[in-house]
Amino acid sequence: MLLGSAVFARAQAIPSPDAAPQAAVTKAPRTVARPAPELSIVFTAVTTRGKPAAALLPGDCIAAVQGRQLPLRELTPLGKEPRTFALLLNTAGSQQTVFAAEQQAASAIADRLRPQDEAMLLAFDTDITLLSDFTAHRAALDAVIHSAPMNASVGHFTTGTLPPIGKVDGALLYDAVHLGIQRLKDEAGRRILVVIGNGVDQGSRTPLRQVIREAQRAQVTIDGLLVRDVTLDDMLEASGKGSMRQMTETTGGEMFPVDARGKGLKPAMAGIEQQLDAGWRGVLPEDAITPGKAEPLRLTCQQQGHALRVRAPKALVAADPVGAAR
62 MLLGSAVFAR
72 AQAIPSPDAA
82 PQAAVTKAPR
92 TVARPAPELS
102 IVFTAVTTRG
112 KPAAALLPGD
122 CIAAVQGRQL
132 PLRELTPLGK
142 EPRTFALLLN
152 TAGSQQTVFA
162 AEQQAASAIA
172 DRLRPQDEAM
182 LLAFDTDITL
192 LSDFTAHRAA
202 LDAVIHSAPM
212 NASVGHFTTG
222 TLPPIGKVDG
232 ALLYDAVHLG
242 IQRLKDEAGR
252 RILVVIGNGV
262 DQGSRTPLRQ
272 VIREAQRAQV
282 TIDGLLVRDV
292 TLDDMLEASG
302 KGSMRQMTET
312 TGGEMFPVDA
322 RGKGLKPAMA
332 GIEQQLDAGW
342 RGVLPEDAIT
352 PGKAEPLRLT
362 CQQQGHALRV
372 RAPKALVAAD
382 PVGAAR
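Here the sequence shown is numbered in the numbering used here, starting from 62 and rising by one per residue.
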């Protein structure tokens, strides 16, 4: 529906003469992993004390799908796998009072990149802007984050092949999430998309349900840093909180509130770190679901008779058959 990697390349090549100077950030060479088996599940499992579950064994985790209780096999810990992040920064004018807190949140994630990790940065408002392609260079990425302008205009993505209808006044959140997933889906290791903003979408052509299904199919976990001015807690802000929660909970991620002064950022980073350290991938039988279909999923895990706290996608989405249209 939206434009893919060719559009990203074109956007990088056409900088705006009015844009603030940006650090030169290019994609470092990296081995791209093939997608995990189409019926694998990425999830997190922690003890009731908040410690990552260790040494899960086949049969410790059971997936309920299509009325069947299926034990996960080939359970693999993901703590040491490469992590690939797509950071989405809301640069709409409505975020002016909290933009510094948004930048602080994005910077906190960039500071946690390991040598084998990479991250990219998208800004979204009435347009979607690629500020940095995938990079492992924390300092360069941090420089781009802190030089990001409000209502950024460094090469625009359109919201589709059709001409725009009227003037869009808000942030194209769902379109930005769609583009972030398209970039993440063939990347190596653990794939995490982090939305940083108030969760409000105005004018996207991609519906919320579609981006959730895309994330589930691509095994992209969506985390949300809900950065907003609580003194402006009107109906628009409340609706943004609901959509942010829906994106995160249905993909196995989590939403963390952060206020205009950055309060809440420390526990948010601790929560994200716990999620990354407690990550697992398990595999289901290939016949658990028809290719191209989506079925509700409920995953439970236990260890030595004790139930674990699990975060997993709410639906199992099998890859489409080769050559089939999506």
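Glycine is no exception: its CB is placed at the ideal position from the N, C-alpha and C atoms.
Q: Could you tell me if R251 is buried or exposed, where buried requires 16 or more neighbouring beta carbons within 10 angstroms of its beta carbon?
A: Locating residue 251 in the sequence shown gives position 190, where the first residue counts as 1. So R251 ends up on the buried side.
Q | For E315, three-class secondary structure by DSSP | A | Sequence index remark: in the sequence shown, residue 315 carries index 254 (1-based). Three-state result, E315: coil.
Q.
Quick check on the DSSP output: what are the complete alpha helix (DSSP H) runs of length 4 or more inside the region 136 to 177, in order along the chain?
A. 160 to 171
Q. Is the Cβ-Cβ distance between P374 and Q263 less than 8 Å?
A. Residue numbering aside, residue 374 sits at position 313 when the sequence shown is read from its first letter. Residue numbering aside, residue 263 sits at position 202 when the sequence shown is read from its first letter. No; because the gap between Cβ atoms is not below 8 Å, this pair is not in contact.
Q) Which residues mark the beginning and the end of the beta strand (DSSP E) in which L182 is found? A) The sequence position of residue 182 within the sequence shown is 121, counting from 1. L182 -> beta strand (DSSP E) spans E179 to F185.
Q. CB-CB under 6 Å to P318, same chain, minus the five flanking residues each way: which ones, in chain order?
A. Here residue 318 is taken as the residue at index 257 of the sequence shown, counted from 1. Correct list, in chain order: L287 and G325.
**Q.** Reduced DSSP secondary structure (H/G/I, E/B, other) of Q363
**A.** Numbered from 1 along the sequence shown, position 302 holds the residue referred to as residue 363. Residue state, collapsed to three classes: strand.
Q: Please classify D320: does DSSP put it in a helix, a strand, or coil?
A: On the sequence shown, residue 320 is found 259 positions in, with the first residue counted as 1. Three-state DSSP puts D320 in coil, outside helix and strand.
Q. Mind checking H207: buried by the 16 CB within 10 Å criterion, or exposed?
A. Along the sequence shown, read from residue 1 onward, the residue named residue 207 stands at position 146. H207 should be labelled exposed.
(Q) Taking the beta carbon of E347 as the centre, do at least 16 other beta carbons fall within 10 Å, making it buried, or is it exposed? (A) The count along the sequence shown starts at 1 and reaches residue 347 at position 286. Per the 10 Å Cβ criterion, exposed.
Q: Let me know the secondary structure DSSP gives Q243 once reduced to three states.
A: In the sequence shown, residue 243 corresponds to position 182, counting from 1. Reduced to three states, the DSSP call for Q243 is helix.
Q: Answer with buried or exposed for Q365, where buried requires no fewer than 16 other C-beta atoms within 10 angstroms of its C-beta.
A: The residue labelled residue 365 in the question sits at position 304 within the sequence shown. Burial call: exposed.
(Q) So for E334, helix, strand or coil by DSSP? (A) Indexing the sequence shown from 1 puts residue 334 at position 273. E334: helix per DSSP, three-state reduction.
Q. If you draw a straight line from the C-alpha of D186 to the C-alpha of L337, how long is it?
A. Position 125 of the sequence shown, counted from the first residue, corresponds to residue 186. Position 276 of the sequence shown, counted from the first residue, corresponds to residue 337. The alpha-carbon atoms of D186 and L337 are separated by roughly 29 Å.
Q | CB of V255 within 8 Å of CB of D284, strictly | A | The residue labelled residue 255 in the question sits at position 194 within the sequence shown. The residue labelled residue 284 in the question sits at position 223 within the sequence shown. Contact: yes.
(Q) According to DSSP, D284 sits in a beta bridge with which residue or residues? (A) For the purposes of this step, residue 284 is identified with residue 223 of the sequence shown, where counting begins at 1. Per DSSP, V255.
Q. With 8 Å set as the bound, which would you pick, yes or no: does the beta-carbon of V261 sit closer than that to a beta-carbon of chain C?
A. This model lacks chain C altogether, as it is built from one protein chain only.
**Q.** L202, enclosing alpha helix (DSSP H) - first and last residue
**A.** Here residue 202 refers to the residue found at position 141 of the sequence shown. Per DSSP, L202 belongs to the alpha helix (DSSP H) from R199 to S208.
Q) Can you tell which of T158, P132 and L191 has the C-alpha that lies nearest to the C-alpha of R289? A) Within the sequence shown, residue 289 is the residue found at index 228, counting from 1. Selected option, being the one with the closest Cα: T158.
Q) Rounded to whole angstroms, how far is the Cβ of P357 from the Cβ of A376, which I believe are closer than 8 Å? A) Here residue 357 is taken as the residue at index 296 of the sequence shown, counted from 1. Here residue 376 is taken as the residue at index 315 of the sequence shown, counted from 1. With 8 Å as the limit, P357 and A376 qualify as a contact, their Cβ atoms being about 6 Å apart.
Q) So I189 is in the beta strand (DSSP E); what residue range does that whole segment cover? A) Residue numbering aside, residue 189 sits at position 128 when the sequence shown is read from its first letter. Segment I189 to T196, the beta strand (DSSP E) holding I189.
Q: Counting only the same chain and skipping the five closest in sequence on each side, list residues whose C-beta sits under 7 Å from that of R306.
A: As a working note, residue 306 is residue 245 in the sequence shown. Closer than 7 Å at Cβ, skipping near neighbours: M316.
Q | DSSP-derived helix/strand/coil call for R278 | A | On the sequence shown, residue 278 is found 217 positions in, with the first residue counted as 1. Here R278 sits in helix by DSSP.
Q. Does the separation of the CB atoms of A197 and D178 fall below 8 Å?
A. Locating residue 197 in the sequence shown gives position 136, where the first residue counts as 1. Locating residue 178 in the sequence shown gives position 117, where the first residue counts as 1. For A197 and D178, yes; Cβs fall inside 8 Å.
Q. DSSP on Q271, reduced to helix/strand/coil?
A. Walking along the sequence shown from the start, residue 271 turns up at place 210. If DSSP states are grouped into helix, strand and coil, Q271 belongs with the helices.
Q: Give me the Cα-Cα distance between L118 and M330, rounded to the nearest whole angstrom.
A: For the purposes of this step, residue 118 is taken as the residue at position 57 of the sequence shown. For the purposes of this step, residue 330 is taken as the residue at position 269 of the sequence shown. The straight-line gap from Cα to Cα measures roughly 29 Å.
Q.
Taking DSSP's pairing of strands, which residues face Q130 in a bridge?
A. Translated into the one-based positions of the sequence shown, residue 130 becomes position 69. In the DSSP output, where bridge partners are listed per residue, Q130 has A125.
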